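So the protein sequences, as listed, match chains Z, U and Y.
Using this note's numbering, the first residue of the first sequence is number 6, and each one after it goes up by one.
Using this note's numbering, the first residue of the second sequence is number 6, and each one after it goes up by one.
Using this note's numbering, the first residue of the third sequence is number 1011, and each one after it goes up by one.
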Amino acid sequence: MEVTAYKTDMEFFVDMQRCIGCKACEMACAECETNGHESMIHVNYVERAVTIQTTVQVCMHCDNPVCARVCPADAISKDDFGVVHTANTARCIGCSNCVMACPFGVPIKEEKYDMMMKCNMCYDRTSAGKKPMCATVCPSQVLFYGTREEISRMRPNSTPVNTFLFGAEIVTTKVNIMMPKGSTHLRIH
Amino acid sequence: MHFSLNKKAALISFVATVVCVVISFYGSRKLQNFDPALIAYLFGTLFALFGGIYRYCVWLQRPPTWLYFKRTWQLVFNGRFFVHAWTLITDAIKNLLFQQFIYPRGKKRWIAHFMLASGCMAAFAITIPLTLGWINFTLDPSTALDPGMTKLYNANFFGFKVMSFQLGSALAFFIFHALTWCSWLVIAGAVIFLVRRLTNAGLIASQTFEGDLLPLILLIIISVTGLGLNFSYAFMKGIAYDFMSVTHAISVILFLVWIPFGKFFHIIQRPAQIGAHIYRREGEKKGMAVCPHTGKEFTSQLHVDDLKRVTRELGFDFTLEDGSSHLDYSPEGKRSLLAKAHLKARQENGKLFG
Amino acid sequence: MAKLPVSPEKIITHFGPHLNFAPQEGYPGRDEPDATVKTHCCFCGMQCGIQLLVKNNKVVGFEPWMEFPFNEGRLCPKGVQRYLQDNHPDRLLEPLQRVEGEGFKPIAWDDALNRVTTAIRQIQAAHGKDAFSILSGVSLTNEKSYLMGKFARVAVKTANLDYNGRLCMVSAGAGNKKAFGLDRGSNNYADLEHAEVIIVTGANVSETFPTLTHWLWRARDNGAKLIVIDPRVIPLARTADIHLAIKPGTDSALYGAMLKHLVDHDLLDHDFIREHTTGFADTIAAVQDYTLEWAEAITGIEKEKIRQAADLWGRASTSFLLHARGIEHHSKGVENVLGCINLVLATGRIGRPYCGYATITGQGNGQGGREHGHKCDQLPGNRDITNPEHRKYIAGVWGIPEAELPGKGLTAWELIEAIHQGEVKGLLSICFNPLVSLPNNNYVREALEKLEFYVCIDFFLNETARHADIVLAGSLHEEEEGTVTTAEGRVVRIRRAVTPPGNARTDTSIILDLAARLGEADKFTYADTEAIFNELRVASKGGTADYYGITYKKIEDNMGIFWPCPSEEHPGTPRLWEDRQFATPDGKAHFNPVQFREPSEVTDSEFPVVLTTGRVVSQYLSGTQTRRIGKLVGLIPEPLLEIHPELAQRYNIRQRETVRVTTRRGSAEFPANIVETIRKDTVFIPYHWPGKKSANQLTIGTLDPVSKIPEFKVCACQLEPLGIFTQPGETNAFDSI
């Protein structure tokens, strides 16, 4: 972690309306060296009985990560780049507080390991200056990893938003969601 | 990093350390059984005790930790705890003694961890009481003077004789070399881990030197110099004995001092895992929460309610206008809600793309 | 003797399908590979660039290939998991012979190959040359496809060679030849980027060609309107500007009504029609009665939506029309294709930037494989086997008298019928699993059981190969050099990453060896794969699919070359028809009149529900490869019957209840998935699974009169709920018998 080629001008942009539910990201995520063939990304049908809509969720890497704050074991940490790391395997006690408290539904309790795991933005790749595996393979580019300048050129009618309203709570994140141009936030409730 | 003394934790750990000193004073029969050669180790151990308890108390004061702590004691006091006694025992054996939960993550990984953990814990069990003077070995006076008799050794705990064994017996060999066995276990485990950490790309990306590599190196140094002491004494006529004993002492003291702050704290933390298991079982008995979106059970209602309280204490407010909470939704429900909100925003704008 | 030697359960125990998973921390050596090989994915016509990581002659992982222009690193789940077909426990490592009552036992290569050539000679001596047949496939490289064509005609000397492309894009090929005189997508996909209107009809792009989605979404980012025509709300359709939920089997009615709307509202390019096309008058005469009301009654799509779609298409200044098997797998597949082409020609939007038309070829080498002569009526360069000049040229290249070159043979489905009738006695198959992929597969199995001799070349013992007398252990995609041609018409290089394991051999060496044993060694001696390609270049020279100017080096330097490429100086042709010189004899594009007719089997009181079939994203065709990869199987463990809640209610079918689906050809049971995303009169089943879980037990073998493609996409069925409920993945569909 000391020597790193992490590119700070690169950001993560998500637009779940582009998702075709193919799960290439899920397969690719498992190829990430940091999670031992477990997939940390979520693709799920929103309501399969009525729509084919799928959504894809990576860790949003909150500025004030709820997961880390509710962790009784102090197992989750945020680094200087703002990446919220997966549970420290030595500390995690598998209580699932983070799983249930994350407003985006990201952390996964791996029952067989009695441990939580989550997306760490492909730290093995991003810290080497590469794009995360999911954003590299995503065939519909729901998941895009690149510079702000690139995304604004490619999608001129959208604005990256990183402020999310859950009732009274305002959550700001490192990862952006692409919204209609001029949007400042996404209200979930 | 900003440091401010946590007074509550400091007080508790100070009292605990004093109690330990007092116990040790009387346990070593007013220092009569105390080995002065271990004085440096003693201070290291006392510091580790103080620091460990301090850190534990600070840790407990985190709202989520305190909640688990509180729930555990509530179970004890309302008697429900004993319903879970069997879980407690089996979990302690499975998780603490055998660290079974590591096995699914890799057989080699488990073997390494098991060797490392068993070696360390056995070594603690031997050295800490020795250092504090709680245990000592004496030559049985009845056999000491008679050159014709086989020498009998007594093991004393708090000055009371608990067992005796013949010098030169297998048992004696086993007891006197206990730390040797521990060292070999630790070296084997630590080397496997070290190799893993130096070759696995995922670990290389996410590990830190002081957090992950240094502890392993330290354990290897402690074990190797420990073995070296023995080897030097037995086979090398004491060559390099001083060097080894100093290195051993320094590395052990570093290790002790570091317990509260570094990677080794997880040894103290691990029993909480069993608490989490019991909390979960107890919660399941009381009733499950059903996600309003998926219509499926996802965790206990107790867990959801506790998390609402804890997040509020931590300064988050997920309460919704209708009085319900975002935390009433399962992870899948939360993801779907976000996707639906996003779709709505896109549709209202009229453009799904661009 | 092409019956199973032992029970299928016993065969499965030895040869799978078994599921392959990567080790928990990946294959060792992934971090420090011996080689990183830039090649392509083996699944589907997109042929995405991918880098395989090789350690100790094993493929241990992959790394995205960011520079390859079509996909720039993007992959679908099959592409991500493709590397797991290597290191597979089911891999055939040596040739096998069928032993009655015992199963498949190893046999020496020499003995195996001698048995094959002896059987070929005996059958041909007793029943004529054409009594021995060959079925090939277009997941093979161009070199192997070419070689199979030459092997059949020159070494085995049979007319009866056909291929699984017959189940793929032959309707599109036939339609394109009629209209343009050449069979290739007219544009590369970069032309989607600024198309104003895009029609995707009968193509579940997001599941069958996921990486093409990027180009569609790019277009939409630039403001394109998307029209999706499909009986289901496929993932593309959910966000489409217009979704026309068409009743299966009525596509040509829709295109006819749209064409009439263009004519009625004068949304035509008169100059283009006049200067560069023929047959317009007859074509519009054929649709003059196709009012929107009529189309609504036939297709089940509201007329207002048809009007909107036609209007949008008519008024666009740039556009792209894409279709795939959804409109081609019909007894009128060619007519459907021509209906689409008529819409393109009427607006004159072809041969210009961002004005395109293309079928999306399905198989890995669906494009190249259908050009170089392993099709019963075709010779290399997409030449016609019945055309005397074409015959003469190829006979010259191959060094045989033209008279010895066999004529047109039977198509794949007709071959099965001929085996049934005892006219064909022997079969060699490669890269084809007809027991899963052909329609009415109970009938196919009966045919296989009647064969006197069946030899199969494959790397896994697929469901059909279980019936073989001899199985020759061949090679995987990553075990041989070669080229393939992507759905865009881009010829790309396939690289050998590893050599075949154990005693397995490359497909090429097996074919060459067999040819030599059949006494034709002089015509089947090549220094390497490139030498085969160089012969192919000459063989294709002057044909419509002209590869003459393409060399291995040129492909490597440019990351692919688009054919036609007639000379070494020629840069290749990413966009066809820019010069308005079509490949037809008169140089013009041809309108073809299309009148609507019903599918071969329509619903009635006995079989009241429309059945259609298709694919899922995690499986590839008959699943020989993908039903062996653990995580892909895990994504969609079993085929489900998709059914609308109203239809489900009529039969009192509940969610995940097992439903027996019966047609005139067979019946099979599937758990119901009740969803509003399908027409109320139609049910859908994906077809990748074998045995009891095979949707092709139900489908119909009626052929298109021109292309001879079977009508997979529409037949009539009845439904019966069985009151049984299972959990997902509870039954093992991947190795179903």
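All residues carry an ideal CB built from backbone N, CA and C; glycine is no exception.
This structure is a prediction, so every number in the text was calculated from the model and none was measured.
Can you name the start and end residues of the alpha helix (DSSP H) that residue i belongs to?
i       : result
G280/U  : 277-291
V1109/Y : No alpha helix (DSSP H) holds V1109/Y; the beta strand (DSSP E) holding it covers 1106-1109.
G1266/Y : 1261-1274
P77/Z   : From DSSP, P77/Z is part of no alpha helix (DSSP H); its letter is neither H nor E.
D1121/Y : 1119-1137
If you follow the beta strand (DSSP E) that residue i is in, where does it begin and where does it stop?
i       : result
Q1061/Y : 1059-1065
S169/U  : 165-171
G1733/Y : 1725-1735
G1113/Y : 1113-1116
So, helix, strand or coil for residue i, using DSSP?
i       : result
Y1364/Y : coil
Q79/U   : helix
H59/U   : First, the residue type needs correcting, since residue 59/U is Tyr and not His in the sequence shown. Of the three classes helix, strand and coil, the one that applies to Y59/U here is helix, per DSSP.
Y1173/Y : strand
R1248/Y : helix
E302/U  : strand
Y50/Z   : strand
E174/Z  : strand
Q58/Z   : coil
A33/Z   : helix
A1827/Y : Nothing about residue 1827/Y can be reported from this structure: the residues present for chain Y run from 1011 to 1747 only.
R314/U  : helix
Y246/U  : helix
K1641/Y : helix
Counting only C-beta atoms, is residue i closer than 8 Å to chain U at any point?
i      : result
S157/Z : no
N162/Z : yes
Counting only the same chain and skipping the five closest in sequence on each side, list residues whose C-beta sits under 8 Å from that of residue i.
i       : result
R202/U  : L208, I209, Q212, D217, L218, L221
L172/U  : T155, K156, L157, Y158
C1727/Y : F1617, V1619, V1620, L1621, V1671, T1672, T1673, V1693, L1708
Spatial neighbours of residue i within its chain, please: C-beta separation below 6 Å, excluding the five flanking residues on both sides.
i       : result
K1167/Y : K1139
R1125/Y : I1480
E302/U  : M293, V295
S1632/Y : N1443, V1446, S1447
P134/U  : I140
A206/U  : none
I1144/Y : A1162, L1171, L1438
T148/U  : M154, K156, L157
Kindly indicate if chain Y contains any beta-carbon less than 8 Å away from that of residue i.
i      : result
R130/Z : no
G111/U : yes
H196/Z : The structure shown does not extend to residue 196/Z, since chain Z is modelled only from 6 through 194, so no value can be given for it.
Compute the minimum distance between the beta carbon of residue i and the heavy atoms of the ligand FAD, and state whether it is under 7 Å.
i       : result
K1313/Y : No copy of the ligand FAD occurs in the structure displayed, which carries no ligand at all.
Please check if any C-beta of chain Z sits within less than 8 Å of the C-beta of residue i.
i       : result
H89/U   : no
Y73/U   : yes
E1686/Y : yes
Quick one: what's got a C-beta closer than 7 Å to residue i's C-beta in the same chain, skipping five residues either side?
i      : result
Q278/U : N100
Inset, instruction - Can you give me, in chain order, the residues of the segment 26-39 of chain Z that have a beta carbon less than 8 Å from any beta carbon in chain Y? - result: G26, C27, K28, A29, E31, M32, A33, A35, E36, E38
Inset, instruction - Give the residues from the segment 1237-1257 of chain Y that approach chain Z closer than 9 Å (Cβ to any Cβ), ordered along the chain. - result: R1242, V1243, I1244, P1245, L1246, A1247, R1248, T1249
Inset, instruction - Select from the segment 53-68 of chain Z all residues with a C-beta closer than 7 Å to any C-beta belonging to chain U, and list them in chain order. - result: Q58, T60, Q62
Legend entry - chain Y contacts made by the segment 187-221 of chain U, where a contact means CB separation under 7 Å: N205, A206
Legend entry - Residues within the segment 1205-1219 of chain Y neighbouring chain U, beta-carbon criterion of under 9 Å: none
Legend entry - Proximal residues, the segment 140-157 of chain Z versus chain U, C-beta separation under 7 Å: none
Inset, instruction - Check each residue of the segment 1029-1043 of chain Y: if its Cβ is closer than 7 Å to any Cβ of chain U, include it; give the result in chain order. - result: Q1034, E1035, D1041
Inset, instruction - Could you please tell me which residues of the segment 313-334 of chain U, in chain order, have their CB closer than 7 Å to any CB of chain Z? - result: V315, T316, L319, F321, D322, F323, T324, L325, E326, H331, L332
Inset, instruction - Quick one: which residues of the segment 68-80 of chain Z get their C-beta closer than 8 Å to a C-beta of chain U? List them in chain order. - result: V71, R74, V75, C76, P77, A78, D79
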